[in-house]
Amino acid sequence: MDWAHSGSNLKSLAEIKRLVDDEWKHLDNLDDAEASRPFLDADGWREETVEIPLPKEQTQFDSEEQCPHFKVSGIYLRNLLQIIKTTCEDPEAKSHN
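For reference, each letter of the sequence shown is one residue, going 249 to 345 in this note's numbering.
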């Protein structure tokens, strides 16, 4: 993020190269376990199955529970308030708009 705030708002080829080099360093530092599992339990993510209510043509239901549902497994969820708090507590949050 420092790259965006360094120098002028017109970026030179040297600054673009610096950005690419910085990003490569981040990729080199990823370990295989972290790369294969981006939604970590420690960050509050949990894997769940969700059911989505579906509409049915020319059919009316008295309640959402009575309509057909589609199950989707392997969805990662996290508390929205926790995401906001974590983002705001990040030192780089000062540079976010």
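Cβ atoms here follow ideal geometry from the backbone N, Cα and C, with glycine treated the same way.
With residue i as the anchor, note down where its beta strand (DSSP E) starts and where it stops.
{"i": "L325", "result": "317–325"}
{"i": "T335", "result": "Run containing T335: none in the beta strand (DSSP E); it sits in the alpha helix (DSSP H), 328–337."}
{"i": "E313", "result": "Run containing E313: none; DSSP gives neither H nor E here."}
{"i": "E299", "result": "294–301"}
Would residue i and residue j be called neighbours here (beta carbons separated by less than 8 Å)?
{"i": "E295", "j": "G322", "result": "yes"}
{"i": "G292", "j": "R266", "result": "no"}
Under 7 Å: does the beta carbon of residue i sit that close to some heavy atom of the ligand GTP?
{"i": "A290", "result": "The ligand GTP is absent from the structure shown, which contains no ligands of any kind."}
- Assess, as a yes-or-no matter, whether the segment 313–321 is touched by the segment 294–302 under the definition of 3 or more beta carbon pairs within less than 8 Å. yes
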